[in-house]
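Visitor:
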Amino acid sequence: MYNAMPQLVWFVTGCSTGFGAEFAKAILAKGDYVIATARNVQSLDGLKAMGAATMQLDVNETFPNIKEKVQQALGIYGRIDVLLSNAGYAEFDPVENLAHHLQTNTIATLNLIAAVMPHWREQKSGHIVANSSINAWWETVPATGSYSASKSALDRKSNCTFHWRKSNARSKGSRYPPELLKTFVAELKTEGIDYIKTLIINPGYFVSEVAKPQKHERALGADWGEYPALKKMCTDLVPTLHGNQPGDTAKAARLVIDLVKGEGVGQGRELPLALPIGNDAFVKIKEQTEATLKMLEEWEDVIRSTDRQM
Numbered sequence: 001m002y003n004a005m006p007q008l009v010w011f012v013t014g015c016s017t018g019f020g021a022e023f024a025k026a027i028l029a030k031g032d033y034v035i036a037t038a039r040n041v042q043s044l045d046g047l048k049a050m051g052a053a054t055m056q057l058d059v060n061e062t063f064p065n066i067k068e069k070v071q072q073a074l075g076i077y078g079r080i081d082v083l084l085s086n087a088g089y090a091e092f093d094p095v096e097n098l099a100h101h102l103q104t105n106t107i108a109t110l111n112l113i114a115a116v117m118p119h120w121r122e123q124k125s126g127h128i129v130a131n132s133s134i135n136a137w138w139e140t141v142p143a144t145g146s147y148s149a150s151k152s153a154l155d156r157k158s159n160c161t162f163h164w165r166k167s168n169a170r171s172k173g174s175r176y177p178p179e180l181l182k183t184f185v186a187e188l189k190t191e192g193i194d195y196i197k198t199l200i201i202n203p204g205y206f207v208s209e210v211a212k213p214q215k216h217e218r219a220l221g222a223d224w225g226e227y228p229a230l231k232k233m234c235t236d237l238v239p240t241l242h243g244n245q246p247g248d249t250a251k252a253a254r255l256v257i258d259l260v261k262g263e264g265v266g267q268g269r270e271l272p273l274a275l276p277i278g279n280d281a282f283v284k285i286k287e288q289t290e291a292t293l294k295m296l297e298e299w300e301d302v303i304r305s306t307d308r309q310m
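Set out below in structure tokens:
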């Protein structure tokens with residue numbers, strides 16, 4: 001007989017609009033507790049009226065400040081069961097601006113994980129949900145390289161090593177673990193830690209604030225230096241985006257909450273580490289996977305020709 005999962009405490013970033021707001025609503029609808037955060041806490045008044053706990057959080061604050069905010073959050077319900085890292089940054093820009101996207105979309109998530117890990121080690125449970133993007137899989141698209149790279153970096157392995165050691169716990173400065181989620185999971189397993197669950201979601205294009213023209217005014221008003229044609233392309237493209245996205249943000253949010261709780265479509269199913277969300281995401285990943293397999297078949301003799309004679 002199926003037993004419903006007990007109430008969870010969710011710590012969700014970027015809840016002022018879009019996915020974050022819908023995640024918070026879906027969590028409350030399940031009867032769980034949510035600590036909804038945003039840079040402007042007044043933007044969360046609607047969620048607060050619905051029963052959410054709210055607090056101010058800029059995910060790009062220094063690591064000591066992030067740790068302090070996590071401690072404040074722990075004082076609300078006494079625990080955090082799920083960290084849902086949703087806050088993000090998305091603008092069209094030349095690839096030279098990669099640092100801005102990496103800070104918000106990659107490093108900020110890792111700082112949050114580092115801040116909450118000591119608590120999870122004590123309670124022997126924890127769940128990371130990272131809202132990534134189909135752009136982590138996407139082929140090369142001009143002016144989206146910085147954003148896509150930051151999302152791909154969050155998803156995939158790196159050559160860095162993620163060690164949860166006492167030296168990290170003693171660190172006084174604005175330090176962050178130089179690692180990414182898939183390697184993080186693998187390295188925790190080498191330490192026999194199997195109580196931290198992780199789900200990376202890769203949504204396709206969903207209706208949200210991120211595509212509104214006013215969200216891109218700053219970037220498109222900046223000097224793009226040696227890329228005037230690229231800037232014009234983006235300036236012409238932006239007005240066509242919002243409202244034409246195929247995805248239903250509220251529907252996706254409810255689906256993700258069900259997956260984490262093992263209810264609805266997630267009941268009785270073992271989740272993959274990363275899961276695309278949306279028909280457009282399915283189509284794009286299938287196309288790219290098939291193209292990769294085709295390349296491997298066509299070039300197999302070359303690819304496999306360099307091993308040493310043993």
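The numbering of the sequence shown is full-length UniProt numbering, which starts it at 1 and goes up by one.
Glycine included, C-beta positions come from ideal geometry on N, C-alpha and C.
(1) What's the C-alpha gap between GLU209 and GLU300?
(2) What residue range does the alpha helix (DSSP H) around LYS231 cover?
(3) Enumerate in chain order the residues of its own chain whose CB-to-CB distance from TYR227 is below 6 Å, with the five nearest sequence positions on each side excluded.
(4) Distance, Cα to Cα, THR183 vs GLY46?
(5) Is LYS126 helix, strand or coil by DSSP?
(6) Using C-beta distances below 7 Å, list every residue in its chain close to THR198, excluding the 5 sequence neighbours before and after it, in chain order.
(7) Tell me the start and end of each unbroken beta strand (DSSP E) in the segment 65 to 116 that is at least 3 residues and wholly inside, in chain order.
(8) Drop a sphere of 10 angstroms on the beta-carbon of ASP81, count the other beta-carbons inside from all chains shown, and report buried for 16 or more, exposed for fewer.
(9) For my contact list, GLY266 and TYR195 are in at a C-beta cut-off of 8 Å; report their separation, rounded to the angstrom.
(10) If you draw a straight line from the alpha carbon of THR283 to that of ASP258, how long is it in whole angstroms?
(11) Taking 7 Å as the threshold (C-beta atoms), are ALA49 and THR106 in contact?
(12) Would VAL256 pass as a contact of ILE200 if the rule is Cβ separation under 7 Å?
Guide: Taking the coordinates as given:
(1) On the sequence shown, residue 209 is found 209 positions in, with the first residue counted as 1. On the sequence shown, residue 300 is found 300 positions in, with the first residue counted as 1. Each residue's alpha carbon lies about 45 Å from the other.
(2) Translated into the one-based positions of the sequence shown, residue 231 becomes position 231. First-last of the alpha helix (DSSP H) with LYS231: 228 to 237.
(3) Counted from its first residue, the sequence shown places residue 227 at position 227. The answer, listed in chain order, is PRO94.
(4) Working through the sequence shown from its first residue, we reach residue 183 at position 183. Working through the sequence shown from its first residue, we reach residue 46 at position 46. THR183 and GLY46: Cα-Cα distance of roughly 37 Å.
(5) Taking the first residue of the sequence shown as 1, we reach residue 126 at position 126. For the record, residue 126 in the displayed sequence is Gly; it is not Lys. Residue state, collapsed to three classes: strand.
(6) Residue 198 sits at position 198 when you count from the first residue of the sequence shown. Counting only Cβ-Cβ distances below 7 Å, and skipping sequence neighbours, we find ILE128, LEU181, VAL185, LEU273.
(7) 82 to 85
(8) In the sequence shown, counting from the first residue as 1, residue 81 sits at position 81. Looking at its Cβ environment, which holds 16 or more other Cβ atoms inside 10 Å, ASP81 is buried.
(9) Walking along the sequence shown from the start, residue 266 turns up at place 266. Walking along the sequence shown from the start, residue 195 turns up at place 195. That pair is no contact at about 19 Å.
(10) On the sequence shown, position 283 is the one that residue 283 refers to. On the sequence shown, position 258 is the one that residue 258 refers to. Per the sequence shown, the amino acid found at residue 283 is Val instead of Thr. Straight-line Cα distance between these residues: approximately 23 Å.
(11) Here residue 106 corresponds to residue number 106 of the sequence shown, with the count starting at 1. Here residue 49 corresponds to residue number 49 of the sequence shown, with the count starting at 1. No, they are not a contact pair.
(12) Taking the sequence shown and counting its residues from 1, one reaches residue 256 at position 256. Taking the sequence shown and counting its residues from 1, one reaches residue 200 at position 200. No, they are not a contact pair.
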